[in-house]
Amino acid sequence: MRLIPTKSMKPGMKLAKTIYNDHGRVLLSEGVPVTARMISRLQQLHVTFVYIEDSRTKDIHVPNMISDKVRKKAITTITDTFKQLEKEDTISKWFVMDQSSKKLKNLINHLLSDMKSNDEVSSLLTDVYVHDNYVFTHSLNVTLYALSIGLKLGLSQNDLEILGLGGILHDIGKMQIPAEILFKPGKLSSEEYTEMKKHTTYGYDILRNMHTIPLLVAHCAYQHHERLNGSGYPRGVKAPDIHLFGKILAVADVFDAVTSHRIYRSAMLPHEGLEILYAGSDTLFEPSIIEAFRKSVAIYPFGLTVTLNDGRKGLVVGQNKDLTERPIIRIIEEEGTEIEEPYDINLKDYLDVGIVDCDIKNHMSAVS
Ligand SMILES: [Fe+2]
239 MRLIPTKSMK PGMKLAKTIY NDHGRVLLSE GVPVTARMIS RLQQLHVTFV YIEDSRTKDI
299 HVPNMISDKV RKKAITTITD TFKQLEKEDT ISKWFVMDQS SKKLKNLINH LLSDMKSNDE
359 VSSLLTDVYV HDNYVFTHSL NVTLYALSIG LKLGLSQNDL EILGLGGILH DIGKMQIPAE
419 ILFKPGKLSS EEYTEMKKHT TYGYDILRNM HTIPLLVAHC AYQHHERLNG SGYPRGVKAP
479 DIHLFGKILA VADVFDAVTS HRIYRSAMLP HEGLEILYAG SDTLFEPSII EAFRKSVAIY
539 PFGLTVTLND GRKGLVVGQN KDLTERPIIR IIEEEGTEIE EPYDINLKDY LDVGIVDCDI
599 KNHMSAVS
């Protein structure tokens with residue numbers, strides 16, 4: 239399979255991965271030749287990238303961070319919890335949360351066991367899911383990223399459970415933000431931005447009163463927009479006053495925000511998202527957390543077309559644990575000419591060979 243920008247799709251190409259909505263309903267099936275109409279539908283849905291079938295990489299298996307079944311269950315549980323909390327008054331909220339916290343803890347243990355049993359470096363390219371409310375998908379993605387970091391840092395099971403709950407509930411305060419601000423397709427005015435920033439405090443207030451939720455989870459909601467140099471919100475506290483989990487969630491949150499598509503902009507590729515994090519290393523984000531994150535996600539996702547510094551072109555077909563910036567490449571083009579017999583090189587073994595470009599030109603023209 240090959241990953242291409244949706245705008246580069248041509249009628250007749252076949253999707254290599256079925257595209258689902260959040261509730262597991264099939265929107266477009268794999269293996270079916272796409273029509274011009276389907277392509278424009280994908281663009282309307284703001285899907286930035288798609289996987290298409292490619293005869294040269296048929297043998298490649300792409301591991302998912304979690305199974306589709308667990309993902310579907312996770313989105314349902316998160317959606318139910320958030321929606322119930324949105325409707326009820328304060329007393330009912332506590333009651334709902336008591337019921338939900340057991341389900342959420344159960345879910346986190348499911349996610350953790352799925353992640354632990356999958357020992358490969360995996361991708362979380364969420365464009366195969368089209369969602370009607372980004373908050374739910376975002377909550378799940380942030381949880382998965384935060385748990386991957388937590389696992390890399392060797393946190394205890396108990397800490398991972400709290401961090402996971404913090405991930406799922408970090409944006410719960412957004413349920414109190416008016417929909418016209420939350421889903422505004424475009425830049426927020428300064429008044430709207432001031433209101434949006436309050437979701438941290440709203441979340442803290444909802445969670446700190448719930449006795450079945452550890453207080454640290456409330457602090458995750460409170461602190462995930464704080465930054466090491468004090469430039470974050472709501473309080474502008476600095477590094478020593480930000481809990482480790484707040485720092486982990488900051489990294490996970492920003493990465494998912496820039497690598498997911500939203501109504502108003504396209505998604506960045508993982509390595510571009512990582513550059514954003516590195517640009518803020520030590521000023522905004524904790525360097526050791528960015529490092530742990532770099533080791534746990536596929537920076538160059540499977541199927542991406544890359545150009546090497548010696549001019550060869552190829553597709554990413556495998557990952558190296560802890561060395562995710564040097565994946566395995568199937569060479570398909572040498573000196574500008576497609577070769578008849580593609581072959582694999584593992585960049586881990588050729589340290590003088592590196593990736594210099596990756597379909598960015600296509601991607602950039604897709605964005606403009
Ligand atoms: Fe947030």
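Residue numbering for the sequence shown follows the working numbering, beginning at 239 and increasing consecutively. Note that CB positions come from ideal geometry on N, CA and C, so glycine has one too. Since the model is a prediction, treat every value here as computed from it, not as a measurement.
Thinking C-beta only, is residue j closer than 8 Å to residue i?
i           : j           : result
residue 582 : residue 570 : no
residue 441 : residue 407 : yes
residue 531 : residue 383 : yes
residue 352 : residue 380 : no
residue 385 : residue 401 : yes
residue 461 : residue 437 : no
residue 527 : residue 476 : no
residue 291 : residue 343 : no
residue 257 : residue 540 : no
residue 348 : residue 498 : no
residue 286 : residue 459 : no
residue 276 : residue 356 : no
residue 242 : residue 270 : no
residue 245 : residue 281 : yes
residue 411 : residue 387 : no
residue 350 : residue 398 : yes
residue 240 : residue 562 : no
residue 558 : residue 564 : yes
residue 313 : residue 378 : yes
residue 448 : residue 332 : yes
residue 515 : residue 492 : yes
residue 249 : residue 272 : yes
residue 294 : residue 568 : yes
For residue i, which residues does DSSP report across the bridge?
i           : result
residue 336 : Paired residue(s): none; residue 336 is not in a bridge.
residue 382 : For residue 382, which the question treats as bridged, DSSP gives no partner whatsoever.
residue 192 : What the structure shows of the chain is the stretch from 239 to 606, and residue 192 is not part of that stretch, so it cannot be assessed.
residue 288 : 242
residue 314 : Looking at the DSSP assignment, residue 314 forms no beta bridge with any residue, so it has no partner.
residue 253 : 290
residue 593 : 546
residue 576 : 571
Under the criterion of a Cβ to heavy atom distance below 7 Å, does residue i qualify as lining ligand 3?
i           : result
residue 348 : Absence of ligand 3 from the depicted structure is noted, with ligand 1 being the only ligands included.
Taking only runs that begin and end inside the region 415-470, name each unbroken alpha helix (DSSP H) of 4 or more residues, in chain order.
-> 417-420, 428-435, 437-446, 453-461
Do the region 585-596 and the region 546-555 meet, that is, are 3 or more Cβ pairs less than 8 Å apart?
-> yes
Is the region 412-432 close to the region 450-469, with three or more CB pairs under 8 Å?
-> no
Entirely within the region 256-280 and at least 3 residues each: give me those beta strand (DSSP E) ranges in chain order.
-> 257-259, 264-266
Would you call the region 513-521 and the region 428-436 in contact, with 3 or more CB pairs under 8 Å?
-> no
Which parts of the region 473-553 are runs of the alpha helix (DSSP H), unbroken and 4 residues or longer, counting only runs that do not cross its ends?
-> 482-497, 508-517, 525-534
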